[in-house]
Structure formats: structure tokens, C-alpha cells
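Below is one structure, written out as C-alpha cells; comments come after it.
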Amino acid sequence: MNVSIVIPTYNRKPILIKCLHALENQKLNKLIDSYEIIVVDDGSTDGTTEWIKENQRNLPHVVLYEQEHGGPALGRNLGVLKSTGDVIIFIDSDLVVVNNFIIHHVNKLNKYWIKKNKKCFTYGSVINTSNFQNPLSEDSKITDISFAYFATGNVAISKELLLDVGLFDTSFSLYGWEDLELGERLKKIGVKLIKCPDAKGFHWHPAFNCDQIPLLLNKEIERAKMALIFYQKHKNLRVRFIIQFTIFHKLLWNVLCLGGLINTNLIFPLLKFLVKSGKSGIAMEILKLPLNYVYVSELYKLSRK
């Protein structure tokens, strides 16, 4: 098999460097004829493109493409169309993978392609960490479990199948849902999800601090806008539950946040105390309550327009 790893990136140079070095350090087996790492720079302003060009000698598998800032859906589509592999692996640019990452995806695909005629994809593990120096040292946690059907943080799939289903919808130009929407189309044609837990990727993000709150609130508003596009394309009960667009979810978050009384301003002193105490992870989990309330409220507000 020829493998193309497609990575859209935007202003993530420090962790992208670790991501690319890990991918250049891959072990291979007899099933893998070759592999390439396609990086699509989505208009970064942090020197990403310059760094890749300056270090090309140490990145023999990396192929760089550039586009104006248009979002990850546009970037992934460009990466797929420019790829030479018959297997596409999608990862995010803040993911650092183990050195047998490609082997595990390819071995599992090869096994199931024989049975399913390529109508399947493999879903690797994504382990969240804020340890920049050694992200691979993080242990898997309950909070790392994902119930998503198709999420591009760590999946491998046939290029032919992707082209047949129509790639990513570039209407999703803001944060969220473009991968799950593609997953909905894959599900409709009977494509099977195959778990591949040994294909581990460690998803780095900086430890939470209170300065991130405005950005996180803005992400929830963007997520709500994209969720509505998702629902307009697939008006079924499953998608309603995925995007939390049901009366149950509206009532749930109103009860948990007392109709908005529990908000980021109210809990700010608690969050600040937890961060100072070295408990930024707990602070982030608490913050998720009002963040999700903002998301669901915005989703319903937009749906009435």
C-alpha cells in the first residue's frame, strides 16, 4: 500500500515540528510500499511554511502545499486531491504519534478490506495531553474516550472511497463538524468503523488558563453555527443528538447552569484558584458546563432566524 498522511495546519508550528518528526520516525512493514506526509498550510502567520522549507532535508517524506486561510475542510480536500497514496490517514497538526502508527492502521485495514471490499475505515486512539516536552508519556484516561463515528484526529481510509463519497463540505469554514458530516455520508452507504487502539496519537493542547476563556467562548459560537449547517444537510434524529439539538439537551444544560446563572463570570474566581493550585484540568472540566450552555443556547437562537 502507498500511504498519504494529510495534515492541515494553522499557526501550530511548535507542536507541528514534533508531529512531523514523529511521522518521519515511522517503522514500516512489507505491506507499506511508501508513505508521504502532506502538510497543507492554511495561511499560517507563525513561520510554519518557512520552517518546513528550511528543514526539507530532514523531512524527506513531507510535501508542502499552501492555501489562503479557509479552514481544515478545504485543506484536507486539497491534501487528498494532491496525494499519491491509495490509503489516506488524517491527523491533526497537534498530534504526536507512536513509531508504529502507520503499521497498525495498515495492518488493520488490510485485514478488513478483504472482507468488506474497502468499505471501512480505521479509527486510532487519541490521548489528550498538555505535556509539551514529552507528550507520549501521557496515560489514556476515561475522558479520552470518543463516541464519534468519523473524526479526523486519527483515521485511515481508502482514497477511492473518499472520492466516491465527495470529500469534505467546505461550507464548514469555521470550527467544528466537517468530519462528522462526512461521517454521516459514509454511514449512509454502509461504511464500517474499525477501532484501531494501537495506532496511538497524543493530542497536545496547552494547559488551561483563564486567559483562554474568550477564545473558548468564541469557539462555542462558531461550533453552533457549523452545527446548524450539519443539521440542515442531515435532518435526522441521530444528527440532532450528535449536535445536542433536542429539547432534552436544552433542558439539561438549562438545569445544570440554572438558566445561565452559572456562567464564566460567576465561576471565574474558582477557575483562577484551581489554575493557581495546579489543577487546570479540573478547572477545564468545570468550565465545560457554561461553555456547553453557551453552545446550545446559541444553536437554538440561530435556528430561530
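Quick note: the sequence shown uses this note's numbering, first residue 101, plus one each step. All C-beta atoms in this analysis are idealised placements derived from N, C-alpha and C, irrespective of residue type, glycine included.
CB residue i to CB residue j, shorter than 7 Å?
i: E203; j: V106; result: The identity of residue 203 in the sequence shown is Ile, whereas the question assumes Glu. No. Outside cutoff.
i: F308; j: S380; result: yes
i: I65; j: G179; result: Since the first residue shown for the chain is 101 and the last is 405, residue 65 is missing from the structure and cannot be characterised.
i: L131; j: V206; result: yes
i: I313; j: D194; result: no
i: T243; j: D279; result: no
i: Y249; j: K295; result: no
i: T184; j: D141; result: no
i: F221; j: W277; result: no
i: L387; j: C357; result: no
i: D146; j: N111; result: yes
i: A256; j: L316; result: no
i: K350; j: L274; result: no
i: A383; j: L371; result: yes
i: G143; j: E168; result: yes
Determine the burial state of residue i: buried for a count of at least 16 other Cβ atoms within 10 Å of its Cβ, exposed for fewer.
i: I245; result: exposed
i: R391; result: Strictly speaking, residue 391 in this sequence is Leu, with Arg absent from that position. The residue in question, L391, is buried, as its Cβ has 16 or more Cβ neighbours within 10 Å.
i: N254; result: buried
i: P369; result: exposed
i: T229; result: buried
i: V355; result: exposed
i: K259; result: buried
i: K300; result: buried
i: P306; result: exposed
i: L337; result: exposed
i: R157; result: exposed
i: N155; result: exposed
i: F190; result: buried
i: N177; result: buried
i: G175; result: buried
i: Q126; result: buried
Compare the C-alpha of residue i against each of the options and name the closest.
i: L262; options: S144, K219, I367 and F272; result: K219
i: I321; options: S403, N155, I214 and D298; result: S403
i: L361; options: D142, F373 and V394; result: V394
i: V397; options: F348, A383, S377 and F373; result: Residue identity check: residue 397 is Ser in the sequence provided, not Val. With distances taken between Cα atoms, S397 lies closest to F348.
i: E281; options: L328, S258 and L370; result: L328
i: T148; options: K372, K118 and N125; result: K118
i: D239; options: F247, H121 and S225; result: S225
i: L128; options: L120, H121, V103 and E150; result: V103
i: V339; options: W304, L293, R285 and L366; result: R285
i: R323; options: Q344, N336 and G378; result: Q344
i: L293; options: L352, W213, A122 and G378; result: W213
i: D192; options: I289, A173, K182 and K335; result: A173
i: A122; options: E166, V196, K113 and I227; result: V196
i: C310; options: N365, F341, V291 and V265; result: N365
i: E150; options: E136, E166 and N217; result: E166
i: N217; options: N155, G290 and G378; result: G290
i: L181; options: D264, M101 and K113; result: D264
i: K288; options: F247, H334, W353 and L120; result: H334
i: T101; options: F341, T346 and Y135; result: The amino acid occupying residue 101 in the given sequence is Met; Thr does not appear at that position. Nearest of F341, T346 and Y135 to M101, Cα basis: Y135.
i: G283; options: I342, G171 and K211; result: I342
### Query
Is it true that the stretch 264 to 277 meets the stretch 188 to 202, where meeting means three or more beta-carbon pairs spaced less than 8 Å apart?
no
### Task
Entirely within the stretch 122 to 210 and at least 4 residues each: give me those alpha helix (DSSP H) ranges in chain order.
148 to 154 and 172 to 182
### Task
Return the chain-ordered ranges of every alpha helix (DSSP H) run that is complete within the stretch 260 to 321 and spans a minimum of 4 residues.
Within the stretch 260 to 321, the complete alpha helix (DSSP H) runs of at least 4 residues are 278 to 288.
### Message
If contact is defined by three or more beta carbon pairs under 8 Å, each pair taking one atom from either stretch, is the stretch 159 to 168 in contact with the stretch 227 to 240?
### Response
no
### Task
Mind listing, in chain order, the continuous alpha helix (DSSP H) runs of no fewer than 4 residues lying wholly within the stretch 332 to 385?
337 to 342, 347 to 356 and 364 to 376
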